[in-house]
Amino acid sequence: MYLSCCAWALTAHPKDVLSDMRSLGFRRIDVRPDFLDEKEVPALLDRHSLSVSSIAASFGVPDDAALESSDAGARQRAVAHVEKVAKQCAALGAKVVYLVPGKDDSKPTLARYADSLSQAADRAAVHDVRLCIEHFPGTALPTAAATLEFINAIDHPNLGLLFDIGHVQISDEDPAEVIRAAAERLDYVHLDDNDGHGDLHWALLDGVLTTGTLRNTFKALQEIGYTGAVSLELSPQLDDPYQALKRSRQITIDCASEFSLQH
49 MYLSCCAWAL TAHPKDVLSD MRSLGFRRID VRPDFLDEKE VPALLDRHSL SVSSIAASFG
109 VPDDAALESS DAGARQRAVA HVEKVAKQCA ALGAKVVYLV PGKDDSKPTL ARYADSLSQA
169 ADRAAVHDVR LCIEHFPGTA LPTAAATLEF INAIDHPNLG LLFDIGHVQI SDEDPAEVIR
229 AAAERLDYVH LDDNDGHGDL HWALLDGVLT TGTLRNTFKA LQEIGYTGAV SLELSPQLDD
289 PYQALKRSRQ ITIDCASEFS LQH
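Numbering (my numbering), first residue to last: 49 to 311.
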(Lines of atoms letter the chains of each structure in order from A and count residues from 1; the text may use other names and numbers.)
(Lines give C-alpha, C1' and ligand atoms only; values in the text may rest on other atoms or scores of the structure.)
Protein backbone atom coordinates (compact mmCIF):
# COMPACT_ATOMS: atom_id res chain seq x y z
CA MET A 1 0.00 0.00 0.00
CA TYR A 2 1.13 3.53 -0.61
CA LEU A 3 0.52 7.06 0.65
CA SER A 4 -1.38 9.62 -1.41
CA CYS A 5 -3.02 13.00 -0.77
CA CYS A 6 -6.16 14.75 -2.02
CA ALA A 7 -4.92 17.82 -3.88
CA TRP A 8 -8.02 19.88 -3.04
CA ALA A 9 -6.74 20.43 0.51
CA LEU A 10 -4.76 23.29 -1.02
CA THR A 11 -6.44 26.13 -2.89
CA ALA A 12 -3.57 27.79 -4.73
CA HIS A 13 -3.25 27.65 -8.51
CA PRO A 14 -3.01 23.99 -9.54
CA LYS A 15 0.59 24.40 -10.69
CA ASP A 16 1.50 25.74 -7.24
CA VAL A 17 -0.46 22.93 -5.58
CA LEU A 18 1.69 20.38 -7.41
CA SER A 19 4.83 22.14 -6.21
CA ASP A 20 3.51 22.24 -2.63
CA MET A 21 2.55 18.56 -2.71
CA ARG A 22 6.06 17.61 -3.74
CA SER A 23 7.64 19.90 -1.14
CA LEU A 24 5.51 18.16 1.50
CA GLY A 25 7.00 14.84 0.42
CA PHE A 26 4.05 13.35 -1.42
CA ARG A 27 4.66 11.34 -4.56
CA ARG A 28 1.02 10.56 -5.37
CA ILE A 29 -2.14 12.65 -5.35
CA ASP A 30 -5.92 12.38 -5.78
CA VAL A 31 -7.42 14.96 -8.13
CA ARG A 32 -10.79 16.13 -9.44
CA PRO A 33 -11.64 15.95 -13.15
CA ASP A 34 -11.16 19.68 -13.70
CA PHE A 35 -7.93 20.04 -11.71
CA LEU A 36 -5.81 20.91 -14.73
CA ASP A 37 -6.04 21.03 -18.48
CA GLU A 38 -5.63 17.42 -19.64
CA LYS A 39 -2.89 18.33 -22.10
CA GLU A 40 -0.82 20.03 -19.39
CA VAL A 41 -1.10 17.37 -16.72
CA PRO A 42 1.47 14.75 -17.82
CA ALA A 43 4.30 17.27 -18.22
CA LEU A 44 3.49 19.00 -14.94
CA LEU A 45 3.29 15.73 -13.02
CA ASP A 46 6.58 14.63 -14.52
CA ARG A 47 8.22 17.94 -13.62
CA HIS A 48 7.28 17.48 -9.97
CA SER A 49 7.83 13.69 -9.89
CA LEU A 50 4.18 13.14 -8.98
CA SER A 51 1.65 10.56 -10.12
CA VAL A 52 -2.14 10.44 -9.82
CA SER A 53 -3.71 7.70 -7.68
CA SER A 54 -7.38 8.41 -8.35
CA ILE A 55 -9.93 10.88 -9.66
CA ALA A 56 -13.07 11.91 -7.77
CA ALA A 57 -15.78 11.35 -10.39
CA SER A 58 -18.59 12.91 -8.32
CA PHE A 59 -17.19 16.29 -9.34
CA GLY A 60 -17.89 17.78 -12.73
CA VAL A 61 -21.10 15.83 -13.28
CA PRO A 62 -23.36 17.66 -15.78
CA ASP A 63 -26.40 19.32 -14.20
CA ASP A 64 -28.72 17.12 -16.24
CA ALA A 65 -27.05 13.85 -15.26
CA ALA A 66 -27.48 11.51 -12.26
CA LEU A 67 -26.87 7.80 -11.93
CA GLU A 68 -30.02 7.36 -9.82
CA SER A 69 -32.34 9.59 -11.88
CA SER A 70 -35.79 8.39 -12.95
CA ASP A 71 -34.95 9.79 -16.39
CA ALA A 72 -33.11 7.27 -18.56
CA GLY A 73 -31.30 10.01 -20.47
CA ALA A 74 -29.98 11.55 -17.26
CA ARG A 75 -28.69 8.15 -16.15
CA GLN A 76 -26.91 7.56 -19.45
CA ARG A 77 -25.31 11.00 -19.31
CA ALA A 78 -24.04 10.19 -15.81
CA VAL A 79 -22.63 6.85 -16.97
CA ALA A 80 -20.94 8.66 -19.85
CA HIS A 81 -19.41 11.11 -17.36
CA VAL A 82 -17.96 8.26 -15.31
CA GLU A 83 -16.51 6.71 -18.45
CA LYS A 84 -14.97 10.05 -19.45
CA VAL A 85 -13.31 10.32 -16.03
CA ALA A 86 -12.15 6.69 -16.27
CA LYS A 87 -10.49 7.46 -19.61
CA GLN A 88 -8.84 10.51 -18.04
CA CYS A 89 -7.75 8.35 -15.13
CA ALA A 90 -6.21 5.73 -17.42
CA ALA A 91 -4.41 8.40 -19.46
CA LEU A 92 -2.75 9.60 -16.25
CA GLY A 93 -1.76 6.08 -15.21
CA ALA A 94 -4.21 6.01 -12.29
CA LYS A 95 -6.35 2.99 -11.43
CA VAL A 96 -9.35 4.25 -9.42
CA VAL A 97 -12.31 6.59 -9.87
CA TYR A 98 -14.81 7.02 -7.06
CA LEU A 99 -18.31 8.29 -6.47
CA VAL A 100 -20.38 9.65 -3.58
CA PRO A 101 -23.99 8.33 -3.35
CA GLY A 102 -27.05 10.53 -3.79
CA LYS A 103 -29.49 11.42 -1.02
CA ASP A 104 -32.59 9.41 -1.97
CA ASP A 105 -32.60 6.00 -0.26
CA SER A 106 -35.92 4.74 -1.65
CA LYS A 107 -35.86 1.24 -3.14
CA PRO A 108 -36.67 2.33 -6.72
CA THR A 109 -33.94 4.97 -6.63
CA LEU A 110 -31.34 2.59 -5.22
CA ALA A 111 -32.32 0.00 -7.83
CA ARG A 112 -31.70 2.53 -10.60
CA TYR A 113 -28.44 3.56 -8.96
CA ALA A 114 -27.30 -0.07 -8.81
CA ASP A 115 -28.10 -0.61 -12.48
CA SER A 116 -26.23 2.54 -13.51
CA LEU A 117 -23.25 1.59 -11.36
CA SER A 118 -23.05 -1.78 -13.11
CA GLN A 119 -22.99 -0.04 -16.47
CA ALA A 120 -20.42 2.49 -15.27
CA ALA A 121 -18.25 -0.28 -13.81
CA ASP A 122 -18.36 -2.06 -17.17
CA ARG A 123 -17.25 1.10 -18.96
CA ALA A 124 -14.46 1.76 -16.44
CA ALA A 125 -13.20 -1.82 -16.76
CA VAL A 126 -12.59 -1.27 -20.47
CA HIS A 127 -9.96 1.29 -19.42
CA ASP A 128 -8.55 -0.95 -16.65
CA VAL A 129 -9.86 1.42 -13.99
CA ARG A 130 -11.68 0.40 -10.81
CA LEU A 131 -14.93 2.11 -9.80
CA CYS A 132 -15.53 2.70 -6.07
CA ILE A 133 -18.41 3.94 -3.94
CA GLU A 134 -17.59 6.03 -0.86
CA HIS A 135 -19.79 5.47 2.18
CA PHE A 136 -20.98 8.91 3.22
CA PRO A 137 -23.05 10.06 6.25
CA GLY A 138 -26.22 11.87 5.22
CA THR A 139 -26.56 10.06 1.90
CA ALA A 140 -28.50 7.00 0.76
CA LEU A 141 -25.50 4.89 1.86
CA PRO A 142 -24.54 6.50 5.19
CA THR A 143 -22.51 3.66 6.71
CA ALA A 144 -19.67 1.49 5.51
CA ALA A 145 -21.69 -1.63 6.34
CA ALA A 146 -24.69 -0.50 4.27
CA THR A 147 -22.45 0.50 1.38
CA LEU A 148 -20.61 -2.80 1.43
CA GLU A 149 -23.92 -4.69 1.52
CA PHE A 150 -25.08 -2.65 -1.48
CA ILE A 151 -21.86 -3.37 -3.38
CA ASN A 152 -22.03 -7.07 -2.56
CA ALA A 153 -25.64 -7.23 -3.80
CA ILE A 154 -24.62 -5.71 -7.14
CA ASP A 155 -21.73 -8.19 -7.24
CA HIS A 156 -19.87 -6.55 -10.10
CA PRO A 157 -16.21 -7.58 -10.42
CA ASN A 158 -15.13 -4.00 -11.09
CA LEU A 159 -17.05 -2.28 -8.27
CA GLY A 160 -15.51 -1.74 -4.84
CA LEU A 161 -15.53 0.30 -1.64
CA LEU A 162 -13.76 3.52 -0.79
CA PHE A 163 -13.25 3.46 2.99
CA ASP A 164 -13.10 6.81 4.81
CA ILE A 165 -11.92 6.62 8.42
CA GLY A 166 -13.51 9.96 9.30
CA HIS A 167 -16.88 8.81 8.05
CA VAL A 168 -16.87 5.68 10.23
CA GLN A 169 -16.18 7.91 13.23
CA ILE A 170 -19.50 9.60 12.47
CA SER A 171 -21.37 6.34 11.83
CA ASP A 172 -19.73 4.72 14.89
CA GLU A 173 -18.19 1.77 13.06
CA ASP A 174 -14.90 0.09 13.87
CA PRO A 175 -12.36 0.78 11.09
CA ALA A 176 -10.55 -2.55 11.40
CA GLU A 177 -13.83 -4.49 11.34
CA VAL A 178 -14.99 -2.64 8.23
CA ILE A 179 -11.69 -3.31 6.47
CA ARG A 180 -11.77 -7.01 7.28
CA ALA A 181 -15.40 -7.27 6.16
CA ALA A 182 -14.61 -5.50 2.89
CA ALA A 183 -11.55 -7.64 2.16
CA GLU A 184 -11.08 -7.89 -1.63
CA ARG A 185 -13.87 -5.34 -2.19
CA LEU A 186 -11.71 -2.60 -0.64
CA ASP A 187 -10.13 -0.47 -3.35
CA TYR A 188 -9.30 2.87 -1.71
CA VAL A 189 -8.76 4.47 1.71
CA HIS A 190 -9.16 8.07 2.91
CA LEU A 191 -7.68 9.31 6.19
CA ASP A 192 -9.03 12.38 8.01
CA ASP A 193 -10.31 13.32 11.45
CA ASN A 194 -13.34 15.02 13.02
CA ASP A 195 -15.26 15.45 16.28
CA GLY A 196 -17.33 12.30 15.74
CA HIS A 197 -20.32 14.29 14.51
CA GLY A 198 -19.44 16.49 11.53
CA ASP A 199 -17.57 15.65 8.32
CA LEU A 200 -14.86 18.18 9.15
CA HIS A 201 -11.75 16.67 7.56
CA TRP A 202 -9.38 17.87 10.26
CA ALA A 203 -5.72 16.95 10.51
CA LEU A 204 -5.11 13.50 11.97
CA LEU A 205 -5.32 13.30 15.78
CA ASP A 206 -6.95 16.74 16.02
CA GLY A 207 -10.32 15.09 16.73
CA VAL A 208 -11.44 11.72 18.08
CA LEU A 209 -8.97 9.65 16.05
CA THR A 210 -6.20 8.01 18.09
CA THR A 211 -2.82 6.55 17.25
CA GLY A 212 -4.12 3.19 18.44
CA THR A 213 -7.00 3.29 15.97
CA LEU A 214 -4.67 4.29 13.16
CA ARG A 215 -2.25 1.46 13.93
CA ASN A 216 -5.10 -1.04 14.09
CA THR A 217 -6.34 0.29 10.76
CA PHE A 218 -2.97 -0.32 9.12
CA LYS A 219 -2.76 -3.73 10.75
CA ALA A 220 -6.14 -4.69 9.27
CA LEU A 221 -5.11 -3.35 5.85
CA GLN A 222 -1.98 -5.47 5.92
CA GLU A 223 -3.93 -8.53 7.09
CA ILE A 224 -6.24 -8.41 4.07
CA GLY A 225 -3.33 -7.87 1.70
CA TYR A 226 -4.39 -4.38 0.69
CA THR A 227 -2.05 -2.88 -1.93
CA GLY A 228 -3.89 0.33 -2.87
CA ALA A 229 -3.70 3.96 -1.81
CA VAL A 230 -4.07 5.39 1.68
CA SER A 231 -4.87 9.01 0.95
CA LEU A 232 -5.03 12.01 3.26
CA GLU A 233 -8.18 14.05 2.64
CA LEU A 234 -8.08 17.30 4.62
CA SER A 235 -10.29 20.37 4.36
CA PRO A 236 -9.02 23.49 2.59
CA GLN A 237 -10.92 25.45 5.28
CA LEU A 238 -8.40 24.56 8.00
CA ASP A 239 -6.39 27.45 9.46
CA ASP A 240 -3.19 26.17 7.85
CA PRO A 241 -3.85 23.28 5.45
CA TYR A 242 -0.19 23.01 4.45
CA GLN A 243 0.98 22.44 8.03
CA ALA A 244 -2.01 20.16 8.68
CA LEU A 245 -0.94 18.00 5.75
CA LYS A 246 2.66 18.03 6.92
CA ARG A 247 1.69 16.85 10.42
CA SER A 248 -0.81 14.30 9.14
CA ARG A 249 1.69 12.84 6.69
CA GLN A 250 4.22 12.27 9.47
CA ILE A 251 1.57 10.83 11.80
CA THR A 252 0.54 8.41 9.06
CA ILE A 253 4.12 7.32 8.43
CA ASP A 254 4.76 6.87 12.16
CA CYS A 255 1.58 4.83 12.74
CA ALA A 256 2.30 2.66 9.70
CA SER A 257 5.96 2.12 10.57
CA GLU A 258 5.41 -1.57 11.34
CA PHE A 259 3.49 -2.12 8.13
CA SER A 260 4.25 -1.95 4.43
CA LEU A 261 3.30 1.64 3.57
CA GLN A 262 5.27 3.21 0.73
CA HIS A 263 5.68 6.97 1.08
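All C-beta atoms in this analysis are idealised placements derived from N, C-alpha and C, irrespective of residue type, glycine included. Computed from a predicted model, the values in this text were never measured in an experiment.
Backbone secondary structure at residue i - three-state DSSP
i	result
HIS215	helix
GLY208	strand
ARG178	strand
TYR146	strand
ALA120	helix
ALA114	coil
ALA277	strand
GLN310	strand
SER52	strand
GLY141	coil
GLY260	helix
GLN285	coil
ASP153	coil
Close beta carbons around residue i, own chain, < 6 Å, minus the five adjacent residues each side
i	result
ALA310	Residue identity differs from the one stated: residue 310 is Gln in this sequence, not Ala. Here the set comprises TYR50.
ALA192	HIS183, VAL216, GLU221 and VAL226
ALA105	VAL130, VAL133, VAL145 and LEU147
CYS137	ILE103, VAL145 and VAL177
TYR161	LEU115 and GLU116
Cβ neighbour criterion (16 or more within 10 Å) applied to residue i
i	result
ILE301	exposed
PRO81	buried
GLY260	exposed
PRO284	exposed
ARG313	An answer regarding residue 313 cannot be provided, because it is not within the stretch 49 to 311 covered by the chain.
SER97	exposed
Same chain only: Cβ atoms within 8 Å of residue i, ignoring 5 sequence neighbours per side
i	result
VAL127	LEU115, SER164, GLN167, ALA168 and ARG171
ALA142	SER99, VAL100, SER101, SER102, ILE103 and VAL177
Beta-carbon contacts of residue i that lie in its chain and below 7 Å, excluding the five residues immediately before and after
i	result
LEU293	CYS53, ALA57, LEU72, LEU280 and LEU282
Inset, instruction - Output the residue ranges of the beta strand (DSSP E) runs that lie fully inside the region 217-258 and measure 3 residues or longer, sorted by chain position. - result: 234-239
Inset, instruction - Kindly provide the ranges of any alpha helix (DSSP H) runs that are 4 or more residues long and lie completely inside the region 59-120, ordered along the chain. - result: 62-71 and 89-95
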